[in-house]
Amino acid sequence: GDTRSSARTTTDLIAYKNVNDLPPPKAMMIQIDQKNEAVLLPIYGIMVPFHVATIRTVSSQQDTNRNCYIRIIFTVPGTPFSPHDTNSMKHQGAIYLKEVSFRSKDPRHISEVVGAIKTLRRQVMARESERAERAT
Amino acid sequence: MQNPGQLKIYSGGILWKKQGGGKAVEVDKADIAGVTWTKVPRTNQLGVRSKDGLCYKFIGFRDPDVASLTNFFQTNCGITPEEKQLSVSGRNWGEVDLNGNMLAFLVGQKQAFEVSLADVSQTQMQGKNDVILEFHVDDTTGANEKDSLMEISFHIPNSNTQFVGDENHP
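Residue numbers (our numbering), protein chains in the order written: chain A, 5 to 140; chain B, 242 to 411.
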């Protein structure tokens, strides 16, 4: 049971409580964990999780050398309609990760990742706004 | 940035050899500035920071290895490894910590990730509050990486006082 629901905002969402809750590492590539609503990014040999609610947009691009690029933009205070605005006071003084870009050798994997992040994000946002509405 | 190989930890320092030959990493005991252990999913990561500011990471250690190697580092090298905890909460706000060539992003005092500034090809300020780091993408060392990090940017709100007025950060 979630007893904090009335005070809860999307930024309170937690991907994992414990290191061992993370999915077993596969290849060093971007992974989506539907169950924990997390996107895992390979940064210097470690899979780093980000809750999908911290992601604002995701897009991909392909160049003429068949390289594929993915760009993930996170929510930061001061962006219009960002869920942070209501409670950015809570994290005063914090530094935000704003954006990451990866190059990939596998365009199909990247388009799957982009699609999966968008779908997951939509689901979580819909659920959270419903929760917020019910709380008021 | 992940390469299989063999690591030798002996009284003189550490020596790592890439599987099938080629690249080797050697850090003499006298050049070790610090050693860290980090629990990562399913395994443990050893971090060796050298005095010239570089940091080497090795994974594949079982829990019993951590205990015995900690002991070894203490008795043979006079180095006490530090335990570094990993943040897995999935948040994108926290603190930036600079140590030698390493930039760590900390969430709730735990490390979410770490990048090496030695691999940064360019830094840029965007507006007043954003810092962009661009990374060299090295096709040789990244051979086992399907997706490689190219760029990362941090948003530093005006409310942050850590890096006020520091044009060169980071």
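Ideal placement from N, C-alpha and C gives every residue a C-beta, glycine not left out.
Since the model is a prediction, treat every value here as computed from it, not as a measurement.
Here isoleucine 34 of chain A is actually not in contact with valine 23 of chain A; their C-beta atoms are around 19 Å apart, not less than 8 Å. Three or more beta-carbon pairs separated by less than 8 Å link the region 336-356 of chain B to the region 40-54 of chain A, which places the two stretches in contact. The beta carbon of arginine 107 of chain A falls within 8 Å of a beta carbon belonging to chain B, placing the residue at that interface. The C-beta of threonine 402 of chain B comes closer than 8 Å to at least one C-beta of chain A. When C-alpha distances from glycine 275 of chain B are compared across B:Gly288, B:Ile300, B:Trp334, B:Ser389, the shortest belongs to B:Gly288.
Chain-order list of chain B residues neighbouring glutamine 96 of chain A: Pro398, Ser400, Asn401, by C-beta distance under 9 Å. Rounded to the nearest whole angstrom, the CA to CA distance from asparagine 340 of chain B to glutamate 134 of chain A is 43 Å. Under the three-state reduction of DSSP, threonine 284 of chain B is assigned to strand. Contact annotation: histidine 396 of chain B and lysine 102 of chain A have beta-carbon atoms nearer than 8 Å. Arginine 107 of chain A has A:Tyr73, B:Ser389 as its beta-bridge partners, per DSSP. At a cut-off of 8 Å, the C-beta of phenylalanine 302 of chain B has no neighbouring C-beta in chain A. Distance check between leucine 390 of chain B and each of B:Asp360, B:Pro245, B:Asp371, B:Gln403 places B:Asp360 closest, using alpha-carbon atoms only.
Per the coordinates, the alpha-carbon of asparagine 312 of chain B lies some 20 Å from the alpha-carbon of valine 281 of chain B. Neighbourhood of arginine 290 of chain B in chain A, by CB distance below 9 Å: empty, with the nearest CB roughly 14 Å away. Take the alpha-carbon of asparagine 333 of chain B and the one of asparagine 399 of chain B: they are about 17 Å apart.
Valine 23 of chain A belongs to the set of residues whose beta carbon lies under 8 Å from a beta carbon in chain B. The beta carbons of asparagine 401 of chain B and isoleucine 99 of chain A sit closer together than 8 Å. Residue contact check for lysine 102 of chain A against chain B: a CB pair falls below 8 Å. In summary, no residue of the region 251-278 of chain B has a CB separated from any CB of chain A by less than 7 Å.
Taken through DSSP and simplified to helix, strand or coil, histidine 95 of chain A comes out as helix. If you look at valine 307 of chain B, you'll find it in the alpha helix (DSSP H) that goes 304-313.
When Cβ-Cβ separations below 8 Å define contact, serine 330 of chain B makes contact with chain A.
The continuous beta strand (DSSP E) containing glutamine 367 of chain B extends over residues 361-367. Non-local beta-carbon contacts of lysine 259 of chain B in its own chain, meaning distances under 8 Å to residues more than five positions away in sequence, involve Asn244, Pro245, Gly246, Ala265 in chain order.
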